[in-house]
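Engineer:
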Amino acid sequence: MALKATVFKAQVQISDLDRHYYESHTLTLARHPSETDTRMMVRLLAFCLFADAQLSFTKGLSTDEEPDLWQHSLSGEIERWIELGQPDERRVRQACGRAREVVVINYAGRAAQLWWQQHGANLGRLRNLRVLNLDATEVQALTELVERSMELQCTLDGGQVWIGNGRSTVELTPTIRQASVKR
Numbered sequence: 006m007a008l009k010a011t012v013f014k015a016q017v018q019i020s021d022l023d024r025h026y027y028e029s030h031t032l033t034l035a036r037h038p039s040e041t042d043t044r045m046m047v048r049l050l051a052f053c054l055f056a057d058a059q060l061s062f063t064k065g066l067s068t069d070e071e072p073d074l075w076q077h078s079l080s081g082e083i084e085r086w087i088e089l090g091q092p093d094e095r096r097v098r099q100a101c102g103r104a105r106e107v108v109v110i111n112y113a114g115r116a117a118q119l120w121w122q123q124h125g126a127n128l129g130r131l132r133n134l135r136v137l138n139l140d141a142t143e144v145q146a147l148t149e150l151v152e153r154s155m156e157l158q159c160t161l162d163g164g165q166v167w168i169g170n171g172r173s174t175v176e177l178t179p180t181i182r183q184a185s186v187k188r
């Protein structure tokens, strides 16, 4: 018998001072049985970093044809394709051909560093690719906010992120490994 996804609810108030984006989102996160709390919270953080009315979670781990999150234009084109972890270089290249911008968010410490050392030079040629790295210690602290029903506040300012639940706040500073060039 197949295991079912565990459903988490998150009410997130986002104040992005860098993009002047101020919205509240009610999100449903289905955590695949093979997904960890850490990865689920990185997905939630990715939503906060790129929040938009058109940004949505996908089937993610359960399908190879979709990223973890994506944003479509009103006419159906893929505006932003967001992958977590250390995706296969071929997958990243294919995504760059399908989407206006592709974002890869690394979060696994040493494994992420090795992935970048191995693929960074080749991926550096992809002009619509942005690669961010999250500090493993900061991500672990983010995991401590996990609850089945979460009320979170997220503030983004000057490249830093603060996300909290009223009892504790986690500060994260994503590092830009590669910036995309706007078309």
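Residues in the sequence shown are numbered consecutively from 6, following the working numbering. Cβ atoms here follow ideal geometry from the backbone N, Cα and C, with glycine treated the same way. Just so you know, these numbers come straight off a predicted model, no measurement behind them.
My guess is that F62 and L34 are in contact by the Cβ rule of under 8 angstroms, so how many angstroms apart are they, rounded?
Structural biologist: That belief holds up - the Cβ atoms of F62 and L34 are roughly 7 angstroms apart, short of 8 angstroms.
Engineer: Per DSSP, which residues does W86 bridge with? Please list them.
Structural biologist: W86 pairs with W75, V107.
Engineer: Counting pairs of Cβ atoms below 8 angstroms between the region 153-164 and the region 70-90, do you hit three or more?
Structural biologist: Touching, no.
Engineer: Could you tell me if A58 is buried or exposed, where buried requires 16 or more neighbouring beta carbons within 10 angstroms of its beta carbon?
Structural biologist: Counting Cβ neighbours within 10 Å, A58 comes out exposed, since fewer than 16 surround it.
Engineer: For the alpha helix (DSSP H) containing L128, list its first residue and its last residue.
Structural biologist: It spans 115-128 - the alpha helix (DSSP H) in which L128 sits, taken as one unbroken run.
Engineer: Can you give me the C-alpha to C-alpha distance between L134 and V175, rounded to a whole angstrom?
Structural biologist: Their backbone Cα atoms lie some 27 angstroms apart in a straight line.
Engineer: What number of angstroms, rounded off, separates the C-alpha of H25 from the C-alpha of D162?
Structural biologist: So the two alpha carbons sit approximately 10 angstroms from each other.
Engineer: Give the C-beta separation of F13 and R36 to the nearest angstrom, bearing in mind that I take them to be a contact with Cβ-Cβ under 8 angstroms.
Structural biologist: Going by Cβ atoms, the distance from F13 to R36 rounds to 6 angstroms, so yes, they are a contact pair.
Engineer: Determine the contact status of E84 and I110, defining contact as a CB-CB distance below 9 angstroms.
Structural biologist: No; because the gap between Cβ atoms is not below 9 angstroms, this pair is not in contact.
Engineer: For the putative contact between D11 and V144, defined by C-beta atoms under 8 angstroms, what is the C-beta separation to the nearest angstrom?
Structural biologist: Checking the sequence shown, residue 11 turns out to be Thr, not Asp. Not quite, the Cβ-Cβ distance comes to about 19 angstroms (not below 8 angstroms), so this is no contact.
Engineer: According to DSSP, simplified to helix, strand and coil, what is V186?
Structural biologist: Three-state DSSP puts V186 in coil, outside helix and strand.
Engineer: Q183 and G114 - do their beta-carbons sit closer together than 9 angstroms?
Structural biologist: Their beta carbons are not under 9 angstroms apart, which means G114 does not touch Q183 by this criterion.
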